[in-house]
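Residue numbers (our numbering): 5 to 178.
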């Protein structure tokens with residue numbers, strides 16, 4: 005079990021360290037790490053992303069907790085995977101808070117951020133396409149996905165309302 009915990013910590017530390025742009029940008033990196041070790045199937049990965057969206061907290065933190073528990077069958081695995089994914093952000097925020105006044109007007113820092121932004125957009129698109137490939141299993145899920153996308157683009161409906169409506173619809177239909 006110690007080997008699994010070390011592998012979990014290494015993987016989730018990497019996700020936390022290189023997951024610029026938040027949860028959606030982390031999805032593709034998280035997917036690669038989980039596939040590498042075989043901790044989740046692609047269907048389980050899509051399910052955990054959906055569950056992580058419905059529960060409080062970040063996608064990577066919720067995923068780390070779930071994968072850590074599943075792979076070790078213990079709270080210890082969940083604890084160390086979660087700790088590993090939040091540690092890089094904690095350290096970076098401490099460092100940035102300390103040096104913020106010195107670097108906030110730096111042309112170099114602004115250039116780095118300017119080039120990270122489009123990379124984050126690319127990572128989010130890659131994650132979305134990966135989820136689409138796994139989630140669209142029949143014509144019905146395709147129609148629902150396109151309909152929800154259209155509703156989100158055309159209206160200002162609250163995403164929580166859409167999630168609740170989808171859950172109720174699914175319970176009624178199936």
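Each residue gets a CB set at the ideal place from its N, CA and C atoms; glycine is no exception.
Of the choices the options, whose alpha-carbon is the least far from that of residue i?
| i | options | result |
| --- | --- | --- |
| residue 89 | 122, 155, 97, 17 | 17 |
| residue 44 | 75, 102, 119, 122 | 75 |
| residue 73 | 91, 148, 52 | 52 |
| residue 92 | 65, 36, 55 | 65 |
| residue 177 | 162, 150, 163, 145 | 145 |
| residue 127 | 104, 22, 14, 162 | 22 |
| residue 4 | 124, 143, 161 | One cannot answer for residue 4 here, as it falls past the ends of the chain, which runs 5 to 178. |
| residue 40 | 117, 141, 14 | 14 |
| residue 67 | 95, 140, 38 | 38 |
| residue 58 | 163, 173, 174, 98 | 163 |
| residue 137 | 99, 160, 46 | 46 |
Under 8 Å Cβ to Cβ from residue i, same chain only, skipping five residues before and after it: list those, please.
| i | result |
| --- | --- |
| residue 61 | none |
| residue 78 | 5 |
| residue 111 | none |
| residue 108 | none |
| residue 156 | 163, 166 |
Helix, strand or coil for residue i per DSSP?
| i | result |
| --- | --- |
| residue 161 | coil |
| residue 8 | helix |
| residue 174 | helix |
| residue 129 | helix |
| residue 117 | helix |
| residue 23 | coil |
| residue 141 | coil |
Which same chain residues, not among the five before or five after residue i, have their C-beta less than 7 Å away from its C-beta?
| i | result |
| --- | --- |
| residue 152 | 166 |
| residue 158 | none |
| residue 82 | 69, 72, 73 |
Since residue i contacts residue j with CB under 8 Å, what's their CB separation in whole angstroms?
| i | j | result |
| --- | --- | --- |
| residue 50 | residue 34 | Not really, about 12 Å apart at Cβ, beyond 8 Å. |
| residue 180 | residue 85 | As shown, the chain starts at 5 and ends at 178. That puts residue 180 outside it, with no answer to give. |
| residue 140 | residue 134 | With a Cβ gap of about 12 Å, residue 140 and residue 134 do not count as contacting. |
| residue 63 | residue 30 | 6 Å |
Give me, in chain order, the residues of the same chain whose beta-carbon lies closer than 6 Å to that of residue i; leave out the 5 immediate sequence neighbours on both sides.
| i | result |
| --- | --- |
| residue 130 | 32 |
| residue 80 | none |
| residue 55 | none |
| residue 169 | none |
ask   = What are the complete alpha helix (DSSP H) segments, minimum 4 residues, inside the segment 28-113?
value = Within the segment 28-113, the complete alpha helix (DSSP H) runs of at least 4 residues are 46-58, 63-76, 79-107.
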